[in-house]
Amino acid sequence: MPFCARKCDYCHFYVIPDKPFFHEPFLRALKSEWQLRKHLLPDQGLVSIYFGGGTPSRLNVLALEEILTWIQPDSSVEITLEANPDHVTLEDLYNYRRIGINRLSLGVQSLHDGMLQKLSRTHRSSHACSVIDQAYQCGLTNLSIDLMYDLPDQTLEIWQQTLDRVCQLPITHLSLYNLTIEPHTVFYKKRHALKVPDAETSLLMLRQAEETLANSGFERYEISAFAKESKLSRHNMGYWTDRPFLGFGPSAFSDWNKKRFQNVPHFWRYVKACQEGRDPTGYEEQLDSTERERERLTVGLRVLKGVQTHKPNLGLDSLIEEGWLEQDGSWIRLTSQGRLFYDTVCEKIYGLDLSYFTSC
Ligand code: SF4
């Protein structure tokens, strides 16, 4: 769902400024796309539904409820809604629970008002905390937040204040990201004027987070994800463990029947295609088995438990000797050094001779 109240200065996603008159054509287009693709889904075995964005909570509850009536998930399905603390009301929270949403992911980003301003976020930290408390009281007890560090002018003290406040919240999951300044963002244009923490401070911030969160009962189970009470994100685990998924809406990605495709990343072109009963796919590719296996390995390594492989000689010896990876029986995982340099490890894997993938 590509709508946001306004685009944040650091955001590089496909997002359009929300207008109420977008919602009706969007919902109709989405329904057409659903009718076009629903036959692909098995009758049983749906694991998760994820309303992602953008800001899906810009859609009213009736629209979300209608979408769920098309899908008719059973009670075992994890249903997550991404929401912005800015505009979610107590009534919305009750209604989310009522229509079957059982997991909320809130774009909190920081619990320091100065940092939120620098990120051009429009909510206050106290408001984010009160939305989390209200959600919990409404029975939305599977609560996740997004949090960012490496922010302009952020100090270790400021970061620790946020971490300490996070540990007081009734949340079960946290996605932790360091700020990356991407092309085509406002931050990129003013990148030379932004004073972001240096690499050494950034590492200390990560260590602070690991320690504080571990002391509060969070287990880091993926490079960026921490969970309490085993409340792993079932949806995201699917991405990391090669589970097929279908994405709906403008710019949405799918990985289905060994084919990867993306809907056209343009709101009105998407709407028009769906209204005319055409497939809104804008791009597709079919990876050969070698590429798929390499991708399964690199993406799977994000999970700290590692990737299981039954291929005896994976050809990763050089990465193990250099201390990036470790092998434990049939499991390959990142070392603590490898976790810090995940992108480097992936580049190295992509540079390896791949013949072992195809010959096994
Ligand atoms: S709320 Fe999220 S998706 Fe929307 S503009 Fe900000 S960062 Fe991007």
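The sequence shown: position 244 = 1358 (our numbering), numbered continuously.
Every residue gets a Cβ at the ideal spot worked out from N, C-alpha and C, and that includes glycine.
Every value quoted in this text rests on a predicted model; they were computed, and no experiment measured them.
A straight-line Cα-Cα distance of about 32 Å links Glu1192 and Leu1265.
In this chain, Tyr1397 is not harboured by any alpha helix (DSSP H); it is covered by the beta strand (DSSP E) spanning 1395-1399.
The closest heavy atom of ligand 1 lies 7 Å or more from the beta carbon of Thr1423.
In this structure, the C-beta of Gly1214 stays at least 7 Å away from each heavy atom of ligand 1.
The beta carbon of Asp1393 lies closer than 8 Å to those of Leu1150, Ala1387 in the same chain, with the five residues before and after it left out. When DSSP reads this structure, Arg1374 sits in a beta bridge with Asp1369, Glu1399. The closest heavy atom of ligand 1 lies less than 7 Å from the beta carbon of Phe1127.
Here Lys1419 is exposed. Its C-beta has fewer than 16 other C-beta atoms within 10 Å. Relative to the non-hydrogen atoms of ligand 1, the Cβ of Asn1292 never comes closer than 7 Å to any of them.
Put simply, the backbone Cα of Asp1369 is about 9 Å away from that of Tyr1353. Taking the Cβ atoms as the reference, Ile1285 lies roughly 6 Å from Ile1246, within the contact range of under 8 Å. DSSP places Val1222 in the uninterrupted beta strand (DSSP E) bounded by 1217-1223. Of the heavy atoms belonging to ligand 1, none sits nearer than 7 Å to the Cβ of Lys1232.
Contact check for Trp1273 and Met1319: beta-carbon distance about 5 Å, within the 8 Å limit, so the pair qualifies.
Counted as a single uninterrupted DSSP element, the alpha helix (DSSP H) harbouring Phe1140 occupies residues 1134-1151. Glu1205 counts as exposed, since fewer than 16 other C-beta atoms from the protein chains shown sit within 10 angstroms of its C-beta. Excluding its 5 nearest sequence neighbours in each direction, His1424 has C-beta neighbours in its own chain below 7 Å: Ser1444, listed in chain order.
With a cutoff of 8 Å on beta-carbon distance, Gly1168 and Phe1117 are scored as near each other. By the Cβ rule, the segment 1324-1334 does not count as touching the segment 1172-1179, because fewer than three pairs are nearer than 8 Å. Where Thr1194 is concerned, the enclosing beta strand (DSSP E) starts and stops at 1192-1197. Excluding five sequence positions before and after Ile1463, the CB atoms of its chain that fall closer than 6 Å to its own CB belong to Thr1412, given in chain order.
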